[in-house]
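Under numbering that gives the first Met the number 0, the first residue of the sequence shown carries the number 0, and numbering increases by one thereafter.
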Amino acid sequence: MKLQEYQAKRIFGQFGVPVPQGDVAATPAEARAIAERIGGTVVVKSQVLVGGRGKAGGIKLAKNPQETEEVAGRILGMDIKGLTVKKVLVDPGADIRKEIYLGMVLDRASRRVVVMASSEGGVDIEEVAASTPDKIITLAVDPFLGLREYQARDLALSIGLAREQMGKFAQICQGLYECYMGCDA
0 MKLQEYQAKR
10 IFGQFGVPVP
20 QGDVAATPAE
30 ARAIAERIGG
40 TVVVKSQVLV
50 GGRGKAGGIK
60 LAKNPQETEE
70 VAGRILGMDI
80 KGLTVKKVLV
90 DPGADIRKEI
100 YLGMVLDRAS
110 RRVVVMASSE
120 GGVDIEEVAA
130 STPDKIITLA
140 VDPFLGLREY
150 QARDLALSIG
160 LAREQMGKFA
170 QICQGLYECY
180 MGCDA
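Here you go:
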């Protein structure tokens, strides 16, 4: 299944995963209106089905609605790895202090969902896997029991999250697992 970020956010939200309350725009004027509704700094993100959008200039911060309209005007129509940007996602800006990686895949060999977590978020996970594979913690989920809260908390501990963040991480992890298992979008 290939989804753009704004589509995935909508599905995640249905499973209780917290997501920023932005919206998608197809014109600079629509982006400005979303920024006016949000207020404050926003991030304007190109919506194309390819990685490396930020490095290609397809993700930019904007401090106000006018700047949002200008930034969206530069991003819309941009070519990123052979794909034309036709939509942008406008989300509230966030004070990001640390990024982590959390993903789930089907391991066909073990016939189980494998949860992968890393303290090295914000970079290509393939790069982390190649250079420092010990930074990726994996957990094979028992298909009969599902992902248990204690397992998610153990993952949080393994990637160095603070104790006060473990409960929220476990909640997000379980929501993503439920989405993975129950989503037929």
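Heads up, the beta-carbon is just placed ideally off N, CA and C, and yes, glycines get one too.
Taking DSSP as the reference, what is the three-state secondary structure of A7? Your numbering for residue 7 matches position 8 in the sequence shown. Of the three classes helix, strand and coil, the one that applies to A7 here is helix, per DSSP.
Let me know the secondary structure DSSP gives S118 once reduced to three states. Here the question's residue 118 lines up with position 119 in the sequence shown. Residue state, collapsed to three classes: coil.
Taking buried to mean at least 16 other C-beta atoms within 10 Å of its own C-beta, is K85 buried or exposed? Along the sequence shown, read from residue 1 onward, the residue named residue 85 stands at position 86. Exposed, because fewer than 16 other Cβ atoms sit within 10 Å of the Cβ of K85.
How big is the Cα-Cα spacing for Y179 and E125? On the sequence shown, residue 179 is found 180 positions in, with the first residue counted as 1. On the sequence shown, residue 125 is found 126 positions in, with the first residue counted as 1. Their Cα atoms are separated by approximately 21 Å.
Would you kindly work out how many angstroms separate the C-alpha atoms of V188 and Q150, rounded to a whole number? Here the chain has residues from 0 to 184 only, and residue 188 is not among them.
Applying the 10 Å Cβ sphere with the 16-neighbour rule, what's the burial state of P27? If you number the sequence shown from 1, residue 27 lands on position 28. Counting the other Cβ atoms within 10 Å of the Cβ of P27 gives 16 or more, which makes it buried.
Could you give the first and the last residue of the continuous beta strand (DSSP E) run that contains K44? As a working note, residue 44 is residue 45 in the sequence shown. Here the beta strand (DSSP E) through K44 covers V41 to S45.
Please report how far the alpha carbon of E163 lies from the alpha carbon of Q46, in whole angstroms. For the purposes of this step, residue 163 is taken as the residue at position 164 of the sequence shown. For the purposes of this step, residue 46 is taken as the residue at position 47 of the sequence shown. The alpha-carbon separation between E163 and Q46 amounts to approximately 33 Å.
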